[in-house]
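Chemist: Using the working numbering, the letters of the first sequence correspond one by one to residues 1184 to 1954. From the three backbone atoms N, C-alpha and C, an ideal C-beta is built for every residue, glycine too.
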Amino acid sequence: MNARLSISERALAGLAPAAEAAAPAYLEGLNDEQREAVLATEGPVLMLAGAGTGKTRALTTRLAHILFMRLAEPWQLLAVTFTNKAAREMKERIGALIGERVEGLQWLGTFHSIGAQILRRHAEVVGLKPSFTILDADDQVRLAKQVIEAAGLDEKRWSGRGLASVIDGWKNRGLTPDKVSANEAWHFAEGKGVSLYSAYQERLKTLNAADFGDLLLHNITIFQRHPDILAQYQDKFRYMLVDEYQDTNVAQYLWLRLLAQKRRNICCVGDDDQSIYGWRGAEVENILKFEKDFPGARVIRLERNYRSTPAILSAASTLIAANKTRLGKTLWTEATDGERVKVRGVWDGEEEARLIGDDIEAEQGKGRGLSDMAVLVRASFQMRAFEERFLTLGLPYRVVGGPRFYEREEVRDAVAYLRLVRSADDDLAFDRIANKPARKLGGQTMQQIHAFARAQNLPLTAASRILIESDDLGAASRGALRRFIEMIDRWAGAAENLSPRDLTELILDESGYTDYWKNNKSAKADSKLDNLKEVVQAVSEFDTLAAYLDHVALVADRSEAEAGGAVWLMTLHAAKGLEFPVVFLPGWEEGVFPSQRSLDEGGAPALEEERRLAYVGITRARESCRVSFAANRQMYGRWQTSLPSRFIDELPEDAVEVVSQPGLYGNAAASLPSHSRFDATRLEEDSYYDNPGWRRARAASARPGVAAPMIEGRAREVSVSAGAPKFAVGARVFHDKFGYGRVILAEGQKLTVDFEHSGAKKVVDSFLKGA
DNA sequence: TCCGAGCCACTTTTT
DNA sequence: GTGGCTCGGA
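1. Compare the beta carbon distance of residue 1343 and residue 1363 with 8 Å and say whether it is the shorter of the two.
2. Are the CB atoms of residue 1764 and residue 1807 nearer to each other than 8 Å?
3. Taking only runs that begin and end inside the region 1345-1433, name each unbroken alpha helix (DSSP H) of 4 or more residues, in chain order.
4. Starting from residue 1823, follow the beta strand (DSSP E) in both directions and report where the run begins and ends.
5. Counting Cβ pairs closer than 8 Å, one from the region 1221-1238 and one from the region 1398-1414, do we hit at least three?
6. Helix, strand or coil for residue 1856 per DSSP?
7. What does DSSP give as the partner residues of residue 1525 in its beta bridges?
8. Grouping DSSP H, G and I as helix and E and B as strand, with all else coil, what is residue 1217?
9. For residue 1756, does the three-state DSSP call read helix, strand or coil?
10. What does the Cβ neighbour count give for residue 1830, buried or exposed, with the cut at 16 atoms within 10 Å?
11. Less than 8 Å between the CB atoms is what I'm expecting for residue 1738 and residue 1731, so what's the real figure, rounded?
12. Grab me the residues of residue 1693's own chain with a C-beta within less than 7 Å of its C-beta, minus the 5 sequence neighbours each way, in chain order.
13. Terminal residues of the continuous alpha helix (DSSP H) containing residue 1801?
14. When you compare only the Cα positions, how much space is there between residue 1665 and residue 1637?
15. Measuring CA to CA, which of 1624, 1582, 1634 is closest to residue 1748?
16. Taking DSSP as the reference, what is the three-state secondary structure of residue 1986?
17. In three-state DSSP terms, what is residue 1272?
18. With a CB to CB cut of under 7 Å and the five nearest residues on each side skipped, what residues in its chain are close to residue 1711?
19. If we ignore side chains and look at the alpha-carbon of each, how far apart do residue 1611 and residue 1714 end up?
20. Taking residue 1317 as the reference, which of 1263, 1827, 1753, 1734 has the closest Cα?
21. Under 8 Å by Cβ, that's how I've got residue 1421 and residue 1259 pegged, so tell me the actual separation to the nearest angstrom.
22. Since residue 1817 sits in a beta bridge, which residues does DSSP pair it with?
23. So, is residue 1646 buried or exposed, given that buried needs 16 or more other C-beta atoms within 10 angstroms?
24. From residue 1767 to residue 1525, what distance separates their C-alpha atoms?
25. Once the 5 residues before and after residue 1558 are set aside, which same chain residues still bring their CB inside 6 Å of it?
26. Going along the chain, which residues of its own chain have a beta-carbon closer than 8 Å to the beta-carbon of residue 1571, five neighbours each way excluded?
27. Considering only C-alpha positions, which residue in the set 1649, 1565, 1836, 1913 is nearest to residue 1501?
28. From the DSSP secondary-structure annotation, give me the bridge partner or partners of residue 1503.
29. Who are the near neighbours of residue 1295 in its chain, counting only those whose CB is closer than 8 Å to its CB and skipping five residues on each side?
30. Taking residue 1556 as part of the beta strand (DSSP E), name the residues at either end of that continuous run.
31. For residue 1802, count the other beta carbons within 10 Å of its own beta carbon; 16 or more makes it buried, fewer makes it exposed. Which is it?
32. Can you list, in chain order, the residues of its chain whose CB lies under 6 Å from that of residue 1642, leaving out five sequence neighbours each side?
33. Using the C-alpha atoms, what's the distance from residue 1613 back to residue 1668?
34. Under a three-way DSSP split, which group does residue 1591 fall into?
35. Residue 1912 by DSSP, collapsed to three states: which one?
36. Would DSSP call residue 1253 helix, strand or coil?
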């Protein structure tokens, strides 16, 4: 074991005869595994950190420790994260430990921001100028579209979006056009995929631009072509730290491996059970094969959980154990009590939203803060039911996600002006704002400019300069184009003397862009103007236009209003890394979660990823975790009957409490003339409720004492209303699925209707409208 | 240039 | 059910 002691471990041991006594204060309060993760500074380390096990603490302490021990200076540490938020938090927490030296951590950031930093220094190696523009997803799609157009392909059949995503996929896997296999080239446009990819890359070079994928891919190319450059970084980075390693894609993996090859002081932190980004290129494989990639790697498991109750942990652990491809670890806690995971079956999506709303109000009544509660959904379309319900209740809520500030039309327009002023070759920016506001540069004129630029192989601005001196354009268009180009030139000149803020104000004013929205009478105009002011505000925080534009492209965080007192509503993906005392997990139905589409497209591995998503969901909860599923759900305007999610069956019985309502099934059903409402649904599909989860739900609800309704009052309402028929025999009705018909038999809620097109069917009254 | 009709698709989404 | 996009006409 001694041989495996790291420099820092030996250093610490050598500090004093009693190492314990000499241990620095920052090691106090760490458990054994965390401490091991902090001290094992030398050689490859894989830190498998389960949910809620104090990962962030361990890794920030580790970095601080390296600095305290003077094993490296701040600028010799490479620490990569996926999100800006994670990078920021890490920096703050290290700062709290080491003080102002934290400012020297210039290589702490996201993969993309660090990739961009390196690329700016060696841009010429891959044919770019150091001032290259970073394109966002939207620009990428536009560019891809142009490439498809230029190749004369049917744009309906082959969308820009499609090409962009195929190219993205290749870039995520570290493939430059020459490395894409012939077989894969068929993934797009019948074999033209690769030539389109090459054309796309050529266009990027002409535009002096890089997309997100390029930021890393170009790095790899540079490292491979110039071993001397690689060696320089290998020497520089004495210690490397990678957060969320399970989310790395192949390109990121290759990048890391190149950099770590020499010193091998790489510490990857992650949790294979929380890998939920496979669909955008993440390879769980990376974390699974770490020990193979780095022989002699030390694997440290953080399994002691400080977040959740035993029942929540047991539910999560049992569920995730059904996955085959995992390294395996078991969370444990010293906590002993706490409530079990509640599983509730409801009639439909609306009722689910209503009951969760009631639960939230009940918790609030008990003194729980609203921001202590979160509703986590699989897909954003599920949010609507909750928003509607919360609005009705007047319950403050906050949606995390959605369109981000820098993705909004007006913000992108304003930024496009700035981009064009900074880099005249930025054709995408030119295209975007040349005629916004309208300045007589309509589609006709723009097409002529494009055609000329393409023929001469020039950027649009350069082409425009020539065109305004020629007679190729009509007098009106020529004048309009001249005024536009002169405006750009004037701003570019002004940029020398003005602060970014003043320049931005000047541009927004002189271009007429602000007036464009002032004159717009739509309801959106006000908020658009506000957002423009926000842009000016944001710009004024930067010393140079270039710095601002990089910020926009790379650090464009969603602006999350930090207002307390609101229930959280977000997707499971967005919830990763967060925790809440009370978590609601609605929509656990086959088809919704696991998502049918995911299963169709990804098969067994995709199912495992869905299961990991369920695991992430459950482990967000500290005290209370409430899963629910609906028997019926309206999707895309159609009613669908659904099966409880297989994940519900995978939860351990003893950690779960099934909470159901009378009137749905169980006791109250017995009081109905012949069938429960659920029996009525069985008429349509007999096997739906013949599965273990459902049988268990029924059995549990029949057991007295276990199935106490969560909200008694409401539940009783449901059961009381269960007997009242809504339509009389002979009534004309409308059904979403079957159309018009006439009621021929009524038994409580269960009606037999003779439909005009599909004949007699047994249906439930709630699916019917009067007609 | 702008607006409405028709058509389509529709998980997750950082950088 | 809904929103986004395209196309054609005013």
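Modeler: On the basis of the supplied data:
1. Walking along the first sequence from the start, residue 1343 turns up at place 160. Walking along the first sequence from the start, residue 1363 turns up at place 180. Taking 8 Å as the Cβ cut-off, residue 1343 and residue 1363 do not qualify as a contacting pair.
2. Taking the first residue of the first sequence as position 1, residue 1764 is located at position 581. Taking the first residue of the first sequence as position 1, residue 1807 is located at position 624. By the CB criterion at 8 Å, residue 1764 and residue 1807 fall inside the cutoff.
3. 1365-1368, 1376-1389, 1395-1408, 1410-1419
4. Translated into the one-based positions of the first sequence, residue 1823 becomes position 640. 1821-1824 is the extent of the beta strand (DSSP E) around residue 1823.
5. The region 1221-1238 is not in contact with the region 1398-1414.
6. Translated into positions along the first sequence, residue 1856 becomes position 673. Note that residue 1856 scores a pLDDT of 30, beneath 50, so its modelled location is shaky and nothing firm can be said.
7. In the first sequence, the residue the question calls residue 1525 occupies position 342. Looking at the DSSP assignment, residue 1525 forms a beta bridge with 1809, 1840.
8. Taking the first residue of the first sequence as position 1, residue 1217 is located at position 34. Note: residue 1217 maps to helix in three-state DSSP.
9. By one-based count along the first sequence, residue 1756 stands at place 573. Here residue 1756 sits in helix by DSSP.
10. Taking the first residue of the first sequence as 1, we reach residue 1830 at position 647. Buried is the call here.
11. Indexing the first sequence from 1 puts residue 1738 at position 555. Indexing the first sequence from 1 puts residue 1731 at position 548. The pair is not a contact, with the Cβ atoms about 10 Å apart (cut-off 8 Å).
12. For the purposes of this step, residue 1693 is identified with residue 510 of the first sequence, where counting begins at 1. Within the same chain, residue 1693 has close Cβ partners 1670.
13. Start at 1 with the first residue of the first sequence, and residue 1801 comes out as number 618. 1779-1802 is the extent of the alpha helix (DSSP H) around residue 1801.
14. Sequence index remark: in the first sequence, residue 1665 carries index 482 (1-based). Sequence index remark: in the first sequence, residue 1637 carries index 454 (1-based). Distance between the alpha carbons of residue 1665 and residue 1637: 20 Å.
15. In the first sequence, counting from the first residue as 1, residue 1748 sits at position 565. Cα-wise, what sits closest to residue 1748 is 1582.
16. Outside the shown range of the chain, which is 1184 to 1954, sits residue 1986, and nothing can be said about it.
17. For this step, residue 1272 is matched to residue 89 along the first sequence. Note: residue 1272 maps to helix in three-state DSSP.
18. For the purposes of this step, residue 1711 is taken as residue 528 along the first sequence, with counting starting at 1. Cβ neighbours of residue 1711 beyond the five flanking positions: 1593, 1700.
19. On the first sequence, position 428 is the one that residue 1611 refers to. On the first sequence, position 531 is the one that residue 1714 refers to. Roughly 22 Å between the two C-alpha positions.
20. By 1-based counting over the first sequence, the position of residue 1317 is 134. If we check each option's Cα against that of residue 1317, 1734 comes out closest.
21. The residue given as residue 1421 occupies position 238 in the first sequence. The residue given as residue 1259 occupies position 76 in the first sequence. 4 Å between Cβ atoms; contact.
22. One-based indexing of the first sequence puts residue 1817 at position 634. Beta-bridge pairing links residue 1817 to 1822.
23. Translated into the one-based positions of the first sequence, residue 1646 becomes position 463. Buried is the call here.
24. Indexing the first sequence from 1 puts residue 1767 at position 584. Indexing the first sequence from 1 puts residue 1525 at position 342. So the two alpha carbons sit approximately 9 Å from each other.
25. For the purposes of this step, residue 1558 is taken as residue 375 along the first sequence, with counting starting at 1. Counting only Cβ-Cβ distances below 6 Å, and skipping sequence neighbours, we find 1569, 1752, 1767.
26. For the purposes of this step, residue 1571 is taken as the residue at position 388 of the first sequence. These residues qualify, in order along the chain: 1536.
27. Within the first sequence, the letter at position 318 stands for residue 1501. Looking at the Cα atoms, 1836 is the closest of the given residues.
28. Numbered from 1 along the first sequence, position 320 holds the residue referred to as residue 1503. Note: residue 1503 sits in no beta bridge, so no partner.
29. To locate residue 1295, count along the first sequence from 1; it is residue 112. 1395, 1398, 1399, 1737, listed in sequence order.
30. Counted from its first residue, the first sequence places residue 1556 at position 373. The continuous beta strand (DSSP E) containing residue 1556 extends over residues 1556-1560.
31. Within the first sequence, numbered from 1, the residue matching residue 1802 stands at position 619. It counts as buried.
32. Indexing the first sequence from 1 puts residue 1642 at position 459. Closer than 6 Å at Cβ, skipping near neighbours: 1608, 1610.
33. As a position in the first sequence, residue 1668 is number 485, starting the count at 1. As a position in the first sequence, residue 1613 is number 430, starting the count at 1. Going from the Cα of residue 1668 to the Cα of residue 1613 covers about 10 Å.
34. Indexing the first sequence from 1 puts residue 1591 at position 408. Coil at residue 1591, not helix or strand.
35. Counting from one through the first sequence, the residue named residue 1912 turns up at place 729. It is coil, neither helix nor strand.
36. Position 70 of the first sequence, counted from the first residue, corresponds to residue 1253. It is coil, neither helix nor strand.
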